[in-house]
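Protein chains in written order, with our numbering: chain A, -16 to 940; chain B, -10 to 222.
Report on the following structure.
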């Protein structure tokens, strides 16, 4: 049907089926800012429009209902290519990050300010109540509105968007806005879905209804006969190539325990067949005609079930080792089930798949028994964390096509070079045949570190020669994606009456689900990112990671650290309570400081021997002291209503900045012929501002305005290798590579200028805004230098190249404080205050850093109190919508929330910078747990911390 | 999906009778959301009104009135306004209707308990005629073909409505409302009860994502507390 509507002030005819969702019609009609994050749930707000002068979800409107309607989309905010003042304020406030629904937020706030030029905080909260922001939290949206109001009244901002750092630098440490933010907030065509060409095929995946079963046969005869079906890939016609989906350094510390599609399904939702068809309706019809014969096996879902004597084995195939095979491997394989896929370890991870153990590790320092014997009190408690989904607003998505005989993949990924390597492996083609283009990423949070869809799309494209688009449904995001490893962590901690901790023991049991993605590294972080914060002589950990038949686990922002901190800081709080000591004093007494030799690192090397280094830059004590002052530590708050009890808690935290000795980054900086600069960075900007960091490095070193620099990143053809955006590596590794490339270009530019001017290099320097100046006063602009260098008699284009590897650690530290109110009658929990204090050293983009802290903290509040993947007795995930699963929205954010950057300078990071966002995931759970214990006397030792658990512990029912 | 756009209740009722796998459509936030789609949709907006008016002591709310309009109208009794405002998303409130909410009788919805406690009445078409019926009767006996045309509530009704959920946008474990000595309770996934304060004791409660049956029973027993003057809050 055709309907006539007014869209953005113009009369428009929209075409489509009467029952087609208006969102889809708008997108197809060119209003591409209107996106879909929730598959018609009416929750996330990426599909928000103004419909007849009201905010509405376009996914819940059918085309016929729009007849005669007045519609506004975010495209209406633009004046030509110019964004409006609300969009600009959002950029300036730092909230435009992964930005999948930033255009809708801009539309909402613009509409709010049209109706109410002077909105209160509650008005803003109400306006944003139907939009889910995962990356930046909500705090700086209030700031953005404030900035708009100030500019409209005074002509300029009166409120600083963030503190500034390093007065000697022009752009580093200053809020400047993300260089790619304008097209993002404007709703530009920047995401994978925007690259899909008309006529592209789609892929639909038939998934297992069983948690654990052999697939005896798959009959696709009838399905292949459906008109429009191009091909169907199953376990019986896919390449016999083993790999794993985690995007990690090669060789990976994860077993190769899967093929594209396996002959044994290991979770509800596991791949059974991939149908490539002309459209989704055809693909789904074909899927319904596929006949699969399953042979179900008893599943295991928990660590306890997996480790039980005689438990069903999730993997029981032949085990191989690329290196370091044990002597008794042949005997070990005697009981292997040859109907199953192999498990190939790149090197020993101390797994034992005949006991469902995917990986194991152990280590420590001192004498743990002596440490406990010296203690005046010991706590020995077990803490359980739940399975949590990353919930990026843009689901996992991939578009693949053949271009010039090569396989081209448009990806939403954190690891383009690992995508290239793994897809090439699966397709059995060399890497030069694969071109991966990382588009803008609508949220990653770790889940897009894993190659969860690109492998299958890549192979299907290479096999069929067709252009193919694939997108996970929101439900698939829950049950066929990577999630936080659920962990059971036992902590035994002993201490003296004076607060000295004498010994810490951690027993970490992690659930990796059906495949071993990150089965060593994520669980290792529960110990490797927690124990080194303690100045304790006797510490030891045991780690076992188990295969089960739950939905897959994998990388998630913070890796295992948020779980480790929940356990170890809670245990410290319990120990302090037992000893009658203030937990903050206990922390102060036992934390590391700059220069302390981290002997514990020797045993925390993640599959190799760790390197002992001293603590570098460290703002931990300052964070603790400042946070304590801010929250009024030691002062008991009392509510007017006696049912409400108020408590306070804190956590001291650390993370890392990439993986020294493993990570590797490269970048190039080109001086273009007009004297401007193009950075080619291997780093994958996933919305965090990494491209801006690269640009700032060039701007500072070459002394040019930031506007003179553009960045292309994450394109495997254009840019050089980078291990990717994970483990907090972006600023430290990719940023340092860009910095080194800029320094190299500076050196070459000086050398070229020396030749052009006939002056010795040591008599030359560079001056803002882009000149090489000689001591005799002569100077050349970069345009003049480049023009001559690239002339017919020139010496060639000037290109700086930089790489970065390091043995040095740049560890961010921090402290998070929470004030929580608990209603001991109803169990309601309200996080009243949350203060996050972190030493990012020199925060290169301080406004973005603050927003990443807000986003990570709110995410972690969600993990602590609300979010939970629930499986039924058959292993089927029954929380496949946002409402069922539970994510924090603006109403759930603490009324008083502050992010504070502690100013220290690091020796190794670019301009003294360290990482920012992963560490911010570590504090909420332990701080809130401690605050709840302070308020109620109840320690809740499992996620999510619910009112029901508190009431039960209080004996209310 | 087939769309039907009747212009009268009679026509709509007839289509609903004929198409067993159909749903009525008003605001669409439920029937157009994932998991609730039907093959046939009967759009009632051709004849349902959305106005809010006073008639004597009663407030008449057209079934098509959006929750946002209900929550913003000073004419609407406060307990109903509070219940409508309980829908946490502005976009949802701009689209969802009071008639749709009333018709669905959802135990984790925003309106059910408030409408029961306030002793709302519904004007509905039952296939034969237009009938004015207490919402309590509707909640117990309604037929899926009935069409709510409007709701009426005594304008003086005030009271409390409270829902307890883990997070603002999650399903409520329990919702309770009180108007004078009239109480109503709903508990996820499907328990509804009204009557005196202790009527919750007769509810069949189930464990689900929102919590255990025991937890819900406890919550229902404490959700209201009396101040020194005996007022409920």
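Note that beta-carbon positions come from the ideal geometry of N, C-alpha and C, so glycine has one too.
No experiment lies behind these values; they were computed from the predicted model shown.
Residue 747 of chain A and residue 770 of chain A have their C-alpha atoms spaced approximately 19 Å apart.
Looking at the DSSP output, residue 627 of chain A shares a beta bridge with A:806. Contact with chain A is found for residue 155 of chain B, since one of that chain's Cβ atoms lies less than 8 Å from the residue's Cβ.
Listed as beta-bridge partners of residue 277 of chain A by DSSP are A:198.
Spatial neighbours of residue 457 of chain A in its own chain (CB-CB distance under 8 Å, excluding positions within 5 residues in sequence) are listed in chain order as 20, 21, 22, 24, 378, 863, 864 and 865. Under the three-state reduction of DSSP, residue 367 of chain A is assigned to strand. Within the same chain, Cβ atoms closer than 7 Å to the Cβ of residue 657 of chain A are found at 766, the five residues on either side in sequence being excluded. Put simply, the backbone Cα of residue 693 of chain A is about 14 Å away from that of residue 666 of chain A. Not flagged as an interface residue toward chain B: residue 723 of chain A, since no C-beta distance is shorter than 8 Å. In this structure, the CA atom of residue 7 of chain A is about 35 Å from the CA atom of residue 904 of chain A. Counting only residues of its own chain and dropping the five nearest sequence neighbours on each side, residue 66 of chain B has a CB closer than 8 Å to the CB of 48, 107, 142, 143, 144, 145, 146 and 147. Judged by pairs of C-beta atoms under 8 Å, the segment 103 to 114 of chain A does not touch the segment 420 to 438 of chain A, as fewer than three such pairs exist.
For the segment 867 to 883 of chain A, the set of positions with a beta-carbon nearer than 9 Å to some beta-carbon of chain B reads 867, 868, 869, 870, 871, 872, 873, 874 and 875 in chain order. Cβ-Cβ distances below 8 Å link residue 27 of chain A to 20, 21, 84, 114, 115, 376 and 865 in the same chain, with the five nearest sequence neighbours on each side left out; the list follows chain order. The beta carbons of residue 829 of chain A and residue 158 of chain A sit closer together than 8 Å.
Not a single CB atom of chain B sits nearer than 8 Å to the CB of residue 55 of chain A. The straight-line gap separating the alpha-carbon atoms of residue 171 of chain A and residue 252 of chain A is approximately 33 Å. The residues 674, in chain order, have a CB closer than 7 Å to that of residue 163 of chain A in the same chain once the five nearest residues on each side in sequence are set aside. Distance between residue 105 of chain B and residue -2 of chain A, taken at the CA atoms: about 44 Å.
A straight-line Cα-Cα distance of about 23 Å links residue 194 of chain A and residue 454 of chain A. Interface annotation, residue 172 of chain B: not in contact with chain A, CB-CB separation never under 8 Å. With contacts defined as CB atoms closer than 8 Å, residue 897 of chain A and residue 890 of chain A fail to qualify as a contacting pair. Cβ-Cβ separation between residue 29 of chain A and residue 18 of chain A: approximately 4 Å, consistent with a contact (criterion under 8 Å). Setting aside the 5 residues that flank it on each side, residue 661 of chain A is surrounded in the same chain by 652, 653, 655, 692, 693, 694 and 695, each with a C-beta closer than 8 Å to its C-beta; the list follows chain order. The Cβ atoms of residue 894 of chain A and residue 152 of chain A lie closer than 8 Å to each other. Annotation: residue 299 of chain A to residue 501 of chain A spans about 19 Å, alpha carbon to alpha carbon. Beta-bridge partners of residue 382 of chain A (DSSP): A:393 and A:452.
Between residue 884 of chain A and residue 832 of chain A, the C-beta gap is smaller than 8 Å, which places the two residues in contact. Pairing residue 62 of chain A with residue 686 of chain A, the inter-Cα distance amounts to about 32 Å.
In this structure, residue 400 of chain A sits away from residue 393 of chain A, with a CB-CB distance that is not shorter than 8 Å. For residue 756 of chain A, the uninterrupted beta strand (DSSP E) run begins and ends at 754 to 757, by DSSP. Counted as a single uninterrupted DSSP element, the beta strand (DSSP E) harbouring residue 121 of chain B occupies residues 119 to 123. In terms of beta-carbon proximity, residue 17 of chain B lines the interface with chain A, with at least one pair separated by less than 8 Å. Under the three-state reduction of DSSP, residue 119 of chain A is assigned to coil, being neither helix nor strand. In this structure, residue 83 of chain B keeps its C-beta atom at 8 Å or more from the C-beta atom of residue 43 of chain B.
Residues of the segment 43 to 59 of chain B with a C-beta atom less than 7 Å from some C-beta of chain A do not occur.
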